[in-house]
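Visitor: Residue numbers (the numbering used here), protein chains in the order written: chain A, 205 to 727; chain B, 72 to 249. Following this message is one structure expressed as C-alpha cells.
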C-alpha cells in the first residue's frame, strides 16, 4: 500500500503546507543568491530588477516559507496536543490556497511588474513611485496572504476553544490558561503564600499557550498589513481610473508608526513566541518531562503580550520627529525586556534538558540547540541596534540584516522549525528519514553557512555598508560580499541535502499525490 | 577607534563565548557519565542578570557616545552654523558645496523632503558611517552634530527611496577644517 493511503486528512493538510513552505524556502535561496551575485558587482539583474527581487525576497521568506511551515506544523499539533479535531479542514484548505496565491501574486508583482517599494513600503513611496498596476497586484497579493492568516487564526482559536464533550473546560478557563495568565496567578499565589484548594494541571499545555499567544500577534499583524494592502488597492484604483487620491491624506510618520507596530508583531508573534513554543514542545518530547519552572514560562508568555505590543519604536530611533520619550521607553527599555523573555524560554528549555541528562544527540535535538544558539546571538545583535546611540551609526546598514535579521531567520527560526520538522516528520508520514548523514550535512551547512554569511554582512555593515542598496563601481565591501556569497552557497548545499533526504524518504509520487490524484496509486 | 569597531570586537568575543558555552552544554548533556555543576544557576538570578545587562548597555552607550546627549539636549544647544538641505527627485540640494564646518563647532542639519522618505547619512572617506537620520516628507528632520576630525565627508541617502536611491551619493559634500 502506498504511503498516501496511510495518511489521514489532517496529515495531508499539514504535509501540503510543509511541501510548499520548503519549495518557497528554495525560492528564497535562489532570490538571495541572485542578489548576492549583484552585490559582488556582477551586473546580473540590473538595478531595477535587483530591487524587484529584493521586494519579493522577504515576502516569500516570511509568509511563503516561515508562516506556511508554522501553519502546517500547528494544524497538525494543536488537534494532537489538545486531543480535539481540527475545527475545519475546509478552512485549512482555503487558508493553504490563499497563502500560495498571495505569495505568488506578490512575487509576480515584483518579478514581472517591477513593484519595488520593498517590504517597508514607507509612505508615500508605494503610491508615488510604483506603476499603478504593480501596486494593485502587490496590494491584492498581500491582502490574500493576510486573509489566509486571519483564517488560520480563526481555525486555530476555534479548535482550541471548541467544546467536544461535556468534560471540556469552560471558555474563560481556557482563555486564562491560553494566554499564560494562570502561570502568573500561580506565581503570585506562591509569593503571597495563598494555597490552592485543589492542585490541577494547566487547562492548556505550555506549547499550546505559546502557539495561542503567538497567534494573537499574528492576527493583529494581519489586520494592520491587510489594512495597508486595502489602502494600496484603493490608491492604485484611483490612479488607474484617472482620479488619483492625494498622497498627503496620510501622514508618513503616523503611517510608519502604525505599519511598524503591525509588522514588528511578526518578529514577536512568529519568531519569538512560536519559536519558544516549539522549544518547549521539542524539549518535552525529547525528555518526556514537563518544563522546568513552567509557571514562570507561562507568565513570561503572558508578559510578552505587553512587551511585543510596545516595542515598535526601535524601528524609528533615527526618525527625528518621533517623540524622544517613545524612543526611550518603547524603542530602548521595553525592547530590552525581550532579552529577558527570550532568556526565560532558553533557560527553562535548557534546564529541562539538563535535568534529563544523559541524552542521545538526535537530529531534532541538534537542530533545536543550533536554533537556540542563533537566538542568543541574533537577539543580542537586535538589542545592540535598539539603542539611540548605536542606532545612529548602524541603522540601515548590513549589520541590521546580517547578525540580527538573517541570524534570527536562518539560524534561530529555521533551525528550530527544522528541528520540529525532523521530529514531527516520522509522526505524520509514518516513515523514518532515509539518511542520518544527509540530515547531519543539512545541519552543519545551515549552521556554518548562516553564521558565516550573516557575520560577513554584519562586518560590512560596521564598515559602513548600507542595506537595500548597490555598490556598482565601488570595491570597499567586495571582500565581505565574496565571503557572504561563499557561505550563502553552503546554505544552499544544506537545503539540497534536506530536500533530497525528504524526497527519498517519502517518494516523489507520494508528495505529488498530496495535490494531484495519481491513477496508479489508486489501486 | 570608531564605536562600530568596538561593537565588532565585542560581538566576536560574545559569539565565541556563546559557541563555547553551547558546545560545553552539548558535551555535558550527552556524556554518559552524569556531569554535575559546581554551582547552582537560579532562574531568578538569571532574570535579574539579563535585566541589569540590558539596562547597563544603554547606560554605557549614554555615557560613552556623546551624540545621545546632543539629541536629548539639542533644544538647549546653540549651533554655530545651520544648513538647510532639501531633497527631492533623488537629488540633494545643499546651500553650499562643500558645506564648511569648523572642528568641534556644533552644527545643525535641517533636511526636508519634497516627495518620499530618504536618509541623510554622512560618511568618512574610508566608507565608515559618521551618523545618519531619516528624512520624512512633511516633517522637520533636524540633527545636531559636532565633528571632531578634519577632512572631507560624503553624503549618501541611507534610506531606500526607490530603485534610483543607490545613486544618491555626493562626494566631499562636507569639509571640516580647524
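C-beta: ideal position from N, C-alpha, C; glycine also. Source: prediction; values computed, not measured.
Answer with yes or no whether the minimum CB distance from residue 246 of chain B to chain A is below 8 Å.
Guide: Within the second chain, numbered from 1, the residue matching residue 246 of chain B stands at position 175. Not one chain A Cβ lies under 8 Å of residue 246 of chain B.
Visitor: Taking the alpha-carbon positions, what's the residue 606 of chain A to residue 662 of chain A distance?
Guide: Numbered from its first residue, the first chain carries residue 606 of chain A at position 402. Numbered from its first residue, the first chain carries residue 662 of chain A at position 458. In a straight line, the C-alpha of residue 606 of chain A is about 5 Å away from that of residue 662 of chain A.
Visitor: Residues of chain B with a CB under 9 Å from the CB of residue 410 of chain A: which are they?
Guide: By one-based count along the first chain, residue 410 of chain A stands at place 206. Those do not exist, as residue 410 of chain A stays about 15 Å from chain B at its closest Cβ, beyond 9 Å.
Visitor: Give the list of continuous alpha helix (DSSP H) stretches no shorter than 4 residues that lie fully inside the stretch 587-655 of chain A.
Guide: 592-598 and 618-633
Visitor: Just checking my contact of residue 546 of chain A with residue 579 of chain A at CB under 8 Å: how many whole Å lie between their CB atoms?
Guide: Here residue 546 of chain A is taken as the residue at index 342 of the first chain, counted from 1. Here residue 579 of chain A is taken as the residue at index 375 of the first chain, counted from 1. Their Cβ separation, rounded to whole angstroms, is 6 Å, which keeps residue 546 of chain A and residue 579 of chain A in contact under 8 Å.
Visitor: I need the boundaries of the alpha helix (DSSP H) containing residue 305 of chain A, first residue and last residue.
Guide: Along the first chain, read from residue 1 onward, the residue named residue 305 of chain A stands at position 101. 293-315 is the span of the alpha helix (DSSP H), which, as asked, contains residue 305 of chain A.
Visitor: Ignore the nearest five residues each way along the sequence and tell me which others in residue 681 of chain A's own chain have a CB closer than 7 Å to its CB.
Guide: Taking the first residue of the first chain as 1, we reach residue 681 of chain A at position 477. Excluding sequence neighbours, residue 681 of chain A sits near 664, 667, 669 and 675.
Visitor: Is it true that the CB of residue 479 of chain A sits closer than 8 Å to the CB of residue 284 of chain A?
Guide: Position 80 of the first chain holds residue 284 of chain A. Position 275 of the first chain holds residue 479 of chain A. No, the pair does not count as a contact, with Cβ atoms beyond the cut-off.
Visitor: Whole-angstrom Cβ separation of residue 235 of chain B and residue 161 of chain B, contact assumed at under 8 Å?
Guide: Position 164 of the second chain, counted from the start, is the residue given in the question as residue 235 of chain B. Position 90 of the second chain, counted from the start, is the residue given in the question as residue 161 of chain B. Cβ-Cβ separation between residue 235 of chain B and residue 161 of chain B: approximately 4 Å, consistent with a contact (criterion under 8 Å).
Visitor: Suppose the cutoff is 7 Å on Cβ atoms and the five residues either side in sequence are ignored; what does the same chain contact list for residue 525 of chain A look like?
Guide: What you label residue 525 of chain A is simply residue 321 of the first chain in a count that begins at 1. Excluding positions up to five away in sequence, the list reads 457.
Visitor: Rounded to the nearest angstrom, what separates residue 352 of chain A and residue 142 of chain B at their Cα positions?
Guide: Taking the first chain and counting its residues from 1, the one referred to as residue 352 of chain A is at position 148. Taking the second chain and counting its residues from 1, the one referred to as residue 142 of chain B is at position 71. Near 43 Å, if we compare the C-alpha coordinates of residue 142 of chain B and residue 352 of chain A.
Visitor: Is residue 212 of chain A buried or exposed, if buried means 16 or more other CB atoms sit within 10 Å of its CB?
Guide: Along the first chain, one-based indexing puts residue 212 of chain A at 8. Exposed, since its Cβ has fewer than 16 Cβ neighbours within 10 Å.
Visitor: Quick one: list the residues of chain A neighbouring residue 117 of chain B, beta-carbon separation under 7 Å, in chain order.
Guide: Taking the first residue of the second chain as 1, we reach residue 117 of chain B at position 46. Within chain A, the residues near residue 117 of chain B are 547 and 551.
Visitor: Against chain B, which members of the stretch 222-252 of chain A pass a CB distance test of less than 9 Å?
Guide: Against chain B - using a Cβ distance shorter than 9 Å - the residues of the stretch 222-252 of chain A are 251 and 252.
Visitor: I want to see whether chain B comes within less than 8 Å of residue 523 of chain A, judged by CB atoms only; does it?
Guide: As a position in the first chain, residue 523 of chain A is number 319, starting the count at 1. Yes - at least one Cβ of chain B is within 8 Å of the one on residue 523 of chain A.
Visitor: My guess is that residue 608 of chain A and residue 582 of chain A are in contact by the Cβ rule of under 8 Å, so how many angstroms apart are they, rounded?
Guide: By one-based count along the first chain, residue 608 of chain A stands at place 404. By one-based count along the first chain, residue 582 of chain A stands at place 378. About 6 Å; that satisfies the 8 Å criterion.
Visitor: Should the stretch 395-410 of chain A be called in touch with the stretch 448-456 of chain A, which here means at least 3 C-beta pairs below 8 Å?
Guide: No contact exists between the stretch 395-410 of chain A and the stretch 448-456 of chain A.
Visitor: Below 8 Å between beta carbons: does that hold for residue 642 of chain A and residue 550 of chain A?
Guide: Position 438 of the first chain holds residue 642 of chain A. Position 346 of the first chain holds residue 550 of chain A. Taking 8 Å as the Cβ cut-off, residue 642 of chain A and residue 550 of chain A do not qualify as a contacting pair.
Visitor: DSSP state of residue 210 of chain B, grouped into three classes?
Guide: On the second chain, position 139 is the one that residue 210 of chain B refers to. Coil at residue 210 of chain B, not helix or strand.
Visitor: Could you give the uninterrupted runs of the beta strand (DSSP E) lying entirely in the stretch 103-167 of chain B, keeping only those of 3 residues or more?
Guide: Complete beta strand (DSSP E) runs here, min 3: 152-159 and 162-164.
Visitor: Measure from the alpha carbon of residue 497 of chain A to the alpha carbon of each residue in A/223, A/459, A/410 and A/528, then state which is nearest.
Guide: The count along the first chain starts at 1 and reaches residue 497 of chain A at position 293. Nearest of A/223, A/459, A/410 and A/528 to residue 497 of chain A, Cα basis: A/410.
Visitor: With distance defined between alpha-carbon atoms, name the residue in A/306, A/291, A/539 and A/321 nearest to residue 367 of chain A.
Guide: Here residue 367 of chain A refers to the residue found at position 163 when the first chain is read from its first residue. Residue A/291 is the option with its Cα nearest to residue 367 of chain A.
Visitor: At the 8 Å Cβ level, is residue 619 of chain A part of the contact set with chain B, yes or no?
Guide: Translated into the one-based positions of the first chain, residue 619 of chain A becomes position 415. For residue 619 of chain A, the answer is no, since every Cβ of chain B falls outside 8 Å of its Cβ.
Visitor: Run the CB neighbour count on residue 499 of chain A, radius 10 Å, all protein chains shown included, and call it buried at 16 or more, exposed below.
Guide: Taking the first residue of the first chain as 1, we reach residue 499 of chain A at position 295. Buried, because 16 or more other Cβ atoms sit within 10 Å of the Cβ of residue 499 of chain A.
Visitor: When you compare the CB positions of residue 333 of chain A and residue 256 of chain A, do they come within less than 8 Å of one another, or not?
Guide: As a working note, residue 333 of chain A is residue 129 in the first chain. As a working note, residue 256 of chain A is residue 52 in the first chain. Cβ atoms of residue 333 of chain A and residue 256 of chain A: not closer than 8 Å.
Visitor: Compare the beta carbon distance of residue 269 of chain A and residue 218 of chain A with 8 Å and say whether it is the shorter of the two.
Guide: Here residue 269 of chain A corresponds to residue number 65 of the first chain, with the count starting at 1. Here residue 218 of chain A corresponds to residue number 14 of the first chain, with the count starting at 1. Taking 8 Å as the Cβ cut-off, residue 269 of chain A and residue 218 of chain A do not qualify as a contacting pair.
Visitor: Count the other C-beta atoms from every protein chain shown that fall within 10 angstroms of the C-beta of residue 640 of chain A, then say buried if there are 16 or more, exposed otherwise.
Guide: Walking along the first chain from the start, residue 640 of chain A turns up at place 436. Exposure of residue 640 of chain A is indicated by the presence of fewer than 16 other C-beta atoms within 10 angstroms of its C-beta.
Visitor: In whole angstroms, what is the alpha-carbon distance linking residue 408 of chain A and residue 636 of chain A?
Guide: On the first chain, position 204 is the one that residue 408 of chain A refers to. On the first chain, position 432 is the one that residue 636 of chain A refers to. Answer to the nearest angstrom: the Cα atoms are 30 Å apart.
Visitor: At a Cβ threshold of 8 Å, is residue 667 of chain A touching chain B?
Guide: For this step, residue 667 of chain A is matched to residue 463 along the first chain. True, the Cβ-Cβ gap to chain B drops below 8 Å.
Visitor: Got a sec? Which residues, its chain only, sit under 7 Å from residue 588 of chain A by beta carbon, not counting five neighbours each side?
Guide: Position 384 of the first chain, counting from 1, holds the residue named residue 588 of chain A. Excluding sequence neighbours, residue 588 of chain A sits near 594.
Visitor: At a Cβ threshold of 8 Å, is residue 213 of chain B touching chain A?
Guide: As a position in the second chain, residue 213 of chain B is number 142, starting the count at 1. Closer than 8 Å to some Cβ of chain A, the Cβ of residue 213 of chain B qualifies, so yes.
Visitor: When burial is assigned at 16 or more other CB atoms within 10 Å of the CB, is residue 113 of chain B buried or exposed?
Guide: As a working mapping, residue 113 of chain B is identified with position 42 in the second chain. So residue 113 of chain B counts as exposed.
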